[in-house]
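In this note's numbering, the protein residues as written are 3 to 191. Heads up, the beta-carbon is just placed ideally off N, CA and C, and yes, glycines get one too.
In structure tokens:
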């Protein structure tokens, strides 16, 4: 069951999917590694006063972790009558539905091997600019490789996201898109 529901603005809310096993393992390994590094710097600083330089390194690690959580990892997705909002703790990305062509499920095999060009990967998911042979460049907001949705846009890179309820998300988004005119069909005056 999903926590999707209506929002105060009349849209439909779809939380980010829970992390799949791979992202859980990667996140825990990275967090343990960062904690070991921070602990090592703290012990070194206590034993050797000159080792205080490890404190800025420890603080930098903490800032990276917080930055990924608050800036790169979305909380969820909101679909309104005219926009897809990608909601983050500290910001919101707006995607006008007038620029969306279609949305549908995409599997790991259909996407192919994805390479991160910019962003964060492994810590709570994969977020940022990615590239794969099958999709090309795309913006990823993925926490679960089994619940991915591809959103194709007219004038922009595709989005690959992972809402908790991908089928309901696709149905909702598709229902709000304007149908493409067929060739030869005239626009109303």
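| query | Got a sec? Which residues, its chain only, sit under 6 Å from residue 139 by beta carbon, not counting five neighbours each side? | reply | Against the chain shown, residue 139 aligns to sequence position 137. Only 133, 159 meet the Cβ criterion.
| task | Could you spell out the range, first to last residue, of the alpha helix (DSSP H) harbouring residue 169? | result | Residue mapping note: residue 169 aligns to position 167 of the chain shown, counting from 1. Looking at the DSSP string, the run of the alpha helix (DSSP H) that includes residue 169 is 168-178.
| Straight-line gap, residue 61 to residue 92 (C-alpha atoms, nearest Å) | In the chain shown, residue 61 corresponds to position 59, counting from 1. In the chain shown, residue 92 corresponds to position 90, counting from 1. C-alpha separation (whole angstroms): 20 Å.
| said: Under 8 Å, with one C-beta from each stretch per pair, do the segment 56-76 and the segment 123-137 reach the 3-pair mark? | reply: Cβ pair count under 8 Å is three or more, so yes.
| Whole-number beta carbon distance between residue 81 and residue 14, since they are thought to touch under 8 Å | Residue mapping note: residue 14 aligns to position 12 of the chain shown, counting from 1. Residue mapping note: residue 81 aligns to position 79 of the chain shown, counting from 1. Contact holds; Cβ gap of about 5 Å.
| What do you reckon, are the CB atoms on residue 77 and residue 165 nearer than 8 Å? | The residue labelled residue 77 in the question sits at position 75 within the chain shown. The residue labelled residue 165 in the question sits at position 163 within the chain shown. No, Cβ-Cβ distance for residue 77 and residue 165 is not below 8 Å.
| query | Touch check for the segment 37-47 and the segment 166-174: three-plus C-beta pairs under 8 Å? | reply | Using a Cβ-Cβ distance cut-off of 8 Å, the segment 37-47 and the segment 166-174 are not in contact, since fewer than three pairs of beta carbons, one from each stretch, lie closer than that value.
| 8 Å Cβ shell around residue 12 - same chain, five flanking residues per side excluded | On the chain shown, residue 12 is found 10 positions in, with the first residue counted as 1. Cβ neighbours of residue 12 within its own chain (closer than 8 Å, five residues either side excluded): 82, 83.
| query | Residues bridged to residue 139 by DSSP? | reply | For the purposes of this step, residue 139 is taken as the residue at position 137 of the chain shown. Secondary-structure assignment with DSSP links residue 139 through a beta bridge to 133.
| message | Excluding the 5 residues flanking residue 112 on each side, which residues of the same chain have their C-beta closer than 8 Å to its C-beta? | response | Along the chain shown, read from residue 1 onward, the residue named residue 112 stands at position 110. Within the same chain, residue 112 has close Cβ partners 136.
| message | Could you check whether residue 149 and residue 105 sit closer than 8 Å to each other, using their CB atoms as the reference points? | response | Numbered from 1 along the chain shown, position 103 holds the residue referred to as residue 105. Numbered from 1 along the chain shown, position 147 holds the residue referred to as residue 149. Against a cut-off of 8 Å, the Cβ pair of residue 149 and residue 105 comes out as no contact.
| In terms of residue numbering, what span does the alpha helix (DSSP H) encompassing residue 155 cover? | Here residue 155 refers to the residue found at position 153 of the chain shown. Per DSSP, residue 155 belongs to no alpha helix (DSSP H); it is in the beta strand (DSSP E), 151-155.
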